[in-house]
Amino acid sequence: MLTRITKAVLCAGALTLAQPAAQAEEFTEADLKSWEEQFMTVVKRGEKLFHGGLESKNTVSCDQCHPNATNTHPETYPKFQQQLGKVAVLSEMINWCIENPLETEPLALDDPRMTALQAYITWERRGVELAPGKH
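Read in order, the letters of the sequence shown are residues -24 to -1, 1 to 111 in mature numbering (1 follows the signal peptide of the UniProt record, and there is no 0).
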């Protein structure tokens, strides 16, 4: 015998099946070119920030510890970070570095500078296989 909850779940499932499948929007080569240009503009801004553009209180910059973002390993996040004592995402580790070695106020997660830093760091590691949790 079907319970009221089972009937509700079956009805919801039937309604879901009756909906047309969502389809991705079509896009053109011009769209791709425009999006790539916008992305690379953000990457270039991140590169400038990474190499001294964050105006740290003590003149330390990201590249003094991480030349060209080579040892930031964004492909390994999320992972346990000893400095934070928890599993963290890349933006949390960026803010740890901003607050500690740079001795500056952290960035909001939706700050365009945070997006730019992550874009640059990830761009520098393009082609590296994802390995979440790896040390």
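Note that beta-carbon positions come from the ideal geometry of N, C-alpha and C, so glycine has one too. None of these values were measured; they are calculated from a predicted model.
Using a 10 angstroms sphere on the CB of G109, the tally of other CB atoms stays under 16, which defines it as exposed.
Secondary structure of Q40 (DSSP, three-state): helix.
Burial is judged here by how many other beta carbons sit within 10 angstroms of a residue's own beta carbon; A107 has fewer than 16 and is exposed. A92: member of the alpha helix (DSSP H) spanning 88 to 100, first to last residue. DSSP places K110 in no alpha helix (DSSP H); its state is neither H nor E.
Q58 and A64 have their C-alpha atoms spaced approximately 10 Å apart. Contact check for L83 and I74: beta-carbon distance about 6 Å, within the 8 Å limit, so the pair qualifies. Contact check for L66 against P50 passes: the beta carbons are separated by less than 7 Å.
Counting the other CB atoms within 10 Å of its CB gives L30 a total of 16 or more, which places it among the buried residues. In terms of Cβ geometry, G22 and L93 form a close pair [threshold 7 Å]. Cβ neighbours of K33 within its own chain (closer than 7 Å, five residues either side excluded): E79, T80. Residue range 5 to 24 is occupied by the alpha helix (DSSP H) that includes Q14, with no beta strand (DSSP E) assigned at that position. Beta bridge pairing from DSSP links V104 with no other residue. With a threshold of 16 other beta carbon atoms within 10 Å, C41 falls short and is exposed.
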